[in-house]
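Just so you know, the sequences run in chain order A, B, C, D, E and F. Under our numbering, the first residue of the first sequence carries the number 1, and numbering increases by one thereafter. Under our numbering, the first residue of the second sequence carries the number 1001, and numbering increases by one thereafter. Under our numbering, the first residue of the third sequence carries the number 2001, and numbering increases by one thereafter. Under our numbering, the first residue of the fourth sequence carries the number 3001, and numbering increases by one thereafter. Under our numbering, the first residue of the fifth sequence carries the number 4001, and numbering increases by one thereafter. Under our numbering, the first residue of the sixth sequence carries the number 5001, and numbering increases by one thereafter. Cβ atoms here follow ideal geometry from the backbone N, Cα and C, with glycine treated the same way. Computed from a predicted structure; not experimentally measured. Everything on this sheet refers to the single structure shown next.
Protein chains: 6
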Amino acid sequence: MNGQILVVNPNCLQAVTDSMSEALEGFRCEGGPEIRCETLKSGPPGIETQAHVDAAAVKLAEWLGEKPERKRVDALVVACFSDPGVAALREALKAPVLGIGEASYLTAAALTERFGVIAILERSIPRHRRAQRALGLEHKVAGELALELAVSELQDEATTWKRLVGVGTELRKNHGAGALILGCAGMARYRTRLEDKLGVPVIDPTQSAVAMALGLVLAKSDALVLEARH
Amino acid sequence: MNGQILVVNPNCLQAVTDSMSEALEGFRCEGGPEIRCETLKSGPPGIETQAHVDAAAVKLAEWLGEKPERKRVDALVVACFSDPGVAALREALKAPVLGIGEASYLTAAALTERFGVIAILERSIPRHRRAQRALGLEHKVAGELALELAVSELQDEATTWKRLVGVGTELRKNHGAGALILGCAGMARYRTRLEDKLGVPVIDPTQSAVAMALGLVLAKSDALVLEARH
Amino acid sequence: MNGQILVVNPNCLQAVTDSMSEALEGFRCEGGPEIRCETLKSGPPGIETQAHVDAAAVKLAEWLGEKPERKRVDALVVACFSDPGVAALREALKAPVLGIGEASYLTAAALTERFGVIAILERSIPRHRRAQRALGLEHKVAGELALELAVSELQDEATTWKRLVGVGTELRKNHGAGALILGCAGMARYRTRLEDKLGVPVIDPTQSAVAMALGLVLAKSDALVLEARH
Amino acid sequence: MNGQILVVNPNCLQAVTDSMSEALEGFRCEGGPEIRCETLKSGPPGIETQAHVDAAAVKLAEWLGEKPERKRVDALVVACFSDPGVAALREALKAPVLGIGEASYLTAAALTERFGVIAILERSIPRHRRAQRALGLEHKVAGELALELAVSELQDEATTWKRLVGVGTELRKNHGAGALILGCAGMARYRTRLEDKLGVPVIDPTQSAVAMALGLVLAKSDALVLEARH
Amino acid sequence: MNGQILVVNPNCLQAVTDSMSEALEGFRCEGGPEIRCETLKSGPPGIETQAHVDAAAVKLAEWLGEKPERKRVDALVVACFSDPGVAALREALKAPVLGIGEASYLTAAALTERFGVIAILERSIPRHRRAQRALGLEHKVAGELALELAVSELQDEATTWKRLVGVGTELRKNHGAGALILGCAGMARYRTRLEDKLGVPVIDPTQSAVAMALGLVLAKSDALVLEARH
Amino acid sequence: MNGQILVVNPNCLQAVTDSMSEALEGFRCEGGPEIRCETLKSGPPGIETQAHVDAAAVKLAEWLGEKPERKRVDALVVACFSDPGVAALREALKAPVLGIGEASYLTAAALTERFGVIAILERSIPRHRRAQRALGLEHKVAGELALELAVSELQDEATTWKRLVGVGTELRKNHGAGALILGCAGMARYRTRLEDKLGVPVIDPTQSAVAMALGLVLAKSDALVLEARH
């Protein structure tokens, strides 16, 4: 047993969790920690307002307490770009708790001077701005633009792809973004294609948080090796 | 072949590179990218002044150009806490270039409200402060304190350990640090012990940068899987 | 009928609401808006952790929806220093929503260069710091110190008074605070005494939010007068 | 007698003071403090340049000293958006001194993430920006735009109204302002109409400062009640 | 005629102006601009409060208008550390207007990471902090400490010197100041001695503003040379 | 002998050094310090990338060590807008070391609320932004625009002049710049003409650094005078 990273999808849609888990396939390596994705069944179907964020936070706290093994994980990743419940979970858990919103901003800041953010909805942008400011990374945000697509349009890959390219190009060319963040947990499947198309790094937030979690867990196992030798 | 992460130690001491490579053992996983550590043979024996940082930057640029395969890596990690040459290498390389100083600050910011930094030398603190401010993370630094040990003392593990515990305790208790960064590439072997002793996460900067690099490389391979399925 | 200000106490203790209402007696003026205080009966008994804050936020959202007249108020004041639910309530209500934490920081900033904050518990200080930074008023905080009294001690007025004077004096003399904020909804009864004792303005957060709300409601009624005349 | 709030109009135009006093009618409540408006007869006819601000500051200091009862007020409000003399008056007076510029920024920050400012003249904007930055609220200013009307045009209500609607719409729609500040002491009569027209809170600066002053005075009287009961 | 720099001492003491002029002796060079020092005879005897600053600002505006040649200077230096009237004079004069407070902060920032400020009086420190923040140089202030000497003590050179050394040593050693600013127009005569004693640059504010003014004037004359040649 | 200011041009072009020296003619005054300009013969022919900056930094450190008299100067000015090697030279030299980039930003901040920067190349702007932020003067930058001229075009004075006027006008009118900085060491000859054309101060960075250096050296000589008299 090499540790466990638990990724919780705070909306109740199993399909989103499945696609998230697929996007993390590459992070599951022989001898590395188990990466398990769970759906917060009591969560809202989507997290689009501050009320959804608050509701998800409370449900996550309950969920954590429901099964003792959830508190025994080596790292917990909350897979919603608005980072619901992350502050409270940190008070309840000894292990590291990572929010994918925060992780993506911090990863982008490690790659470039200024990055862009692609939001799904215009109305989420003020909420994201609060998070960017709280971290101290406001000055690194080249711009944030919304796809502003209806749910039905989002389900159409061709339409979504066209908007992603449009908005990403605008952020890269006119705002000077040196990297782009997909501002939502469910767009990993466009990551590589968009990166190839636009020629700048594109960050999937769930992947960036799991990468950090993986590092923290692997560092631990490695330490044992070092201890043994020295 | 699953990609390659190249970690370059910008000081010329092979022993430091070897110990670094050992500390990264846990990050080498079956099916994951190769993690290769190289010594910058033309580098200074230690990087303690701004002149050393500048010199290492130039030597790193030359080193990068010497062998074409170095430019073909999937991620480059510069393993010195002062991040020499990182800005210039980013201009020269398409692949992501990570500095371990920056990566450690950003990783600490993903874990806690305020973190502490343990420097080797007092005189490096203003240089570190410049980097913290450049990132925008000044407000998250609970404090930075130096071990202020002579080279001979640093070679004595018992003395170093005692100082690490002293300085770390001061940062945690009196400065309110919720995590600690080892402000130097060569102290990974104390990481777990210090974490266990002090009860807060302790971050080794090389590990935090390699974790980010690993994430970026694994994300890529994963994307192929996704592409295939969709 | 001249409008209504609804003050909701997000903890479930009616005694706290009663004392709050008493402290607002002076704000109820002939011809002015009704100031009504309600207890969030489903709220936690005290709000001391981020989990309590999140829980209160959700309960407040439910509470708002329970009775249609709650949405018809002219201003809503959330009377907990951690401002639970304020962001979400703003999305749900057309009328202004004021958090007493924010209102107290903003009122203090209107009075002095640098103010001090008296917290009940040490562990709330990082949470408060997040709020101060979010507003942009970090640079105006001379310091924040906790009473750090047990619940039983808090119920003893003599002990509480002694600590208030001690901590307040420290903030005024050693930190240079030109005004003090009582960092909790339930300490209004010490306000005048402390102001007289220490010689600097002492701000009760609930009063400062209700003052702002009163201003917004009175401005409206006044506008009618103006409209009529012009 | 329940205390007194003295509002001083630092320009010498009695008509401006009268209209100010009218706009405060709603704030005068039975049993509440007297709200008295005075004209600074020695003041400049308008405050449009930094020289006017400096001149008004000096005249205000003289004015304060002229009659001893002026120093006995419970709160003093300086009713010019550039807050002339506020820093000096705070040194001379024990009672709170509120500047209407500061009070309006702080009140807007209590209502919304980002607010807009409607200036009369373009050339005042840099002066306002200094004040916004001094408070730490720069990041909350969605934008500031000037009416840029000549004095004769300002006297024409229809023209002024049209410009107010144009500039306000621009700030709300294109700059994302969630509230608007009327950046001048003499525009209260447009407040309600503009609020109704644009659907976001519109703040009259004099009203916002008087609301804060009212709160501070009412809190005091209330404290007596509390003292008596406990 | 090679241009003229006019230095105005905004307090009414001719002795202060004389000593200022002496301290500028080295800046008067053959072929360079005339450096003329004038006393603001209508100014207050000392500038210790915000009211003094405001009064001096108004008197300076009047003074400027009194003689047309004052508006024909090539640069104007206001020689009081609180920079009275500088913002207004900039609106009235085409030529550059330099405040010695601002100039000293900016010069110190060109020399070192963090500087210390030696104030005369404790109560001026909040006023200075406003200026440091307005410039954006707060983060470069290692600390500010006051001599806190009575006027009679200030006239005693031995006592003043002893306090300067004490306060300067504290700023250098315990606050990490890499340069020191004499926070008052009248202490130039201690500059070299203090620099020699403490081993860090010591900045006299009047000299730093005149140096900038000199540069602006000399640049102009030089341009003629260049024009001629090219 | 009255001291010496050494200005080093870190690119290897003697013609640039010569034109620099000419632009400093006005700063050489009878009885004042010698102002000597040297070419860094080992430097790159131009400094356009971060790699050039790093290379110049190392060459400057070597250059400083080559001749003992270089360390005996009274002030050293590094005449490249990217300030290569300045941090390291400060560690190696007791005398003040001034970077012309920093000096120009600080001088502009002494003259106006918001200034504009004219870059040669678009790709240098992120590098400049890092420096502006490091100083804390980001909020004073009204905008930065690039001439974006090819080397051959830069050699054509008419073309360069036209672009300078175009870009300068844009910064002044649309960005509200109250002063302009020539963001390159080699454009002094356009300074006066541009200032006259645009009606705002135009700052040549080398001149602004030499002005500061001159001030520091003259202050010293002056001190001797004062010492003698007192």
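State the start and end residues of the unbroken alpha helix (DSSP H) segment that holds residue i.
i                          : result
isoleucine 3125 of chain D : 3125 to 3135
alanine 1119 of chain B    : Alanine 1119 of chain B -> not in any alpha helix (DSSP H); beta strand (DSSP E) instead, spanning 1115 to 1119.
glutamate 34 of chain A    : Taken as a continuous stretch (DSSP letters only), glutamate 34 of chain A belongs to no alpha helix (DSSP H), being part of the beta strand (DSSP E) at 34 to 39.
leucine 154 of chain A     : 151 to 155
alanine 3103 of chain D    : 3100 to 3109
alanine 3245 of chain D    : Because residue 3245 of chain D is not part of the residues shown, which for chain D are 3001 to 3230, the question remains open.
Would residue i pass as an interface residue toward chain F - the criterion being a Cβ-Cβ separation below 8 Å?
i                       : result
glutamate 22 of chain A : no
Closest Cβ-Cβ distance between residue i and chain D: below 8 Å?
i                      : result
proline 126 of chain A : yes
Report yes or no: is there a C-beta of chain A within less than 8 Å of the C-beta of residue i?
i                        : result
arginine 5133 of chain F : yes
alanine 2079 of chain C  : no
cysteine 1037 of chain B : no
Please tell me whether residue i has its Cβ less than 8 Å away from any Cβ of chain E.
i                         : result
aspartate 3083 of chain D : no
arginine 3072 of chain D  : no
Given a cut-off of 8 Å on the beta-carbon distance, is the pair residue i and residue j in contact?
i                          : j                          : result
asparagine 3174 of chain D : alanine 3079 of chain D    : no
serine 5019 of chain F     : alanine 5188 of chain F    : yes
glycine 5116 of chain F    : arginine 5070 of chain F   : no
valine 4200 of chain E     : arginine 4191 of chain E   : no
alanine 1055 of chain B    : glutamine 1207 of chain B  : no
leucine 4180 of chain E    : isoleucine 4118 of chain E : yes
glycine 3168 of chain D    : leucine 3198 of chain D    : yes
leucine 1106 of chain B    : alanine 109 of chain A     : yes
glycine 2101 of chain C    : alanine 2131 of chain C    : yes
isoleucine 5120 of chain F : cysteine 5184 of chain F   : yes
valine 2077 of chain C     : valine 2210 of chain C     : yes
glutamate 34 of chain A    : glycine 1031 of chain B    : no
Could one say the Cβ of residue i lies closer than 8 Å to chain C's Cβ atoms, at least one of them?
i                     : result
lysine 220 of chain A : no
At least one CB of chain B closer than 8 Å to the CB of residue i: is that the case?
i                        : result
alanine 5057 of chain F  : yes
arginine 5130 of chain F : yes
If you drop the 5 nearest sequence neighbours on each side, which residues of the same chain put their C-beta closer than 8 Å to that of residue i?
i                         : result
leucine 3216 of chain D   : Asp3074, Ala3075 and Pro3096
alanine 61 of chain A     : Gly85, Ala88, Leu89 and Ala92
glutamate 4113 of chain E : Lys4140 and Gly4178
leucine 5137 of chain F   : Tyr5105, Leu5106 and Ala5109
Ordered along the chain, which non-local residues of its own chain (more than five positions away) have a Cβ less than 7 Å from that of residue i?
i                          : result
isoleucine 1047 of chain B : Pro1010, Asn1011, Val1053, Ala1056, Cys1080, Ser1082 and Pro1084
For residue i, which residues from the same chain have a beta carbon less than 6 Å from its beta carbon, with the 5 sequence-adjacent residues on both sides left out?
i                         : result
serine 4021 of chain E    : Cys4037
alanine 5223 of chain F   : Unreliable placement is indicated for alanine 5223 of chain F, whose pLDDT of 48 sits below 50; the coordinate value is still reported in the next sentence. Nothing meets the Cβ criterion.
valine 16 of chain A      : Asn9 and Gly186
threonine 4159 of chain E : Glu4153
glycine 4099 of chain E   : Val4078, Asp4083 and Val4086
Beta strand (DSSP E) containing residue i: first to last residue?
i                       : result
valine 5007 of chain F  : 5004 to 5009
valine 2078 of chain C  : 2075 to 2078
alanine 2055 of chain C : Here alanine 2055 of chain C belongs to no beta strand (DSSP E); instead the alpha helix (DSSP H) covers 2050 to 2066.
(request) Please name the residues in the region 2106 to 2124 of chain C whose beta-carbon is closer than 7 Å to at least one beta-carbon of chain D, in chain order. (result) Leu2106, Thr2107, Ala2109, Ala2110 and Leu2111
(message) Tell me which residues of the region 2169 to 2189 of chain C have at least one Cβ-Cβ distance to chain E shorter than 9 Å, keeping chain order.
(response) Gly2176 and Gly2178
(request) Give, in chain order, every residue of the region 208 to 219 of chain A whose Cβ lies closer than 9 Å to some Cβ of chain B. (result) Ser208, Ala209, Val210, Ala211, Met212, Ala213, Leu214, Gly215, Leu216, Val217, Leu218 and Ala219
(request) Mind checking the region 4139 to 4151 of chain E against chain F and listing, in chain order, the residues whose C-beta falls within less than 8 Å of any C-beta there? (result) His4139 and Lys4140
(message) So if I threshold CB-CB distances at 7 Å, which residues from the region 3090 to 3105 of chain D count as touching chain C?
(response) Pro3096, Leu3098, Glu3102 and Ala3103
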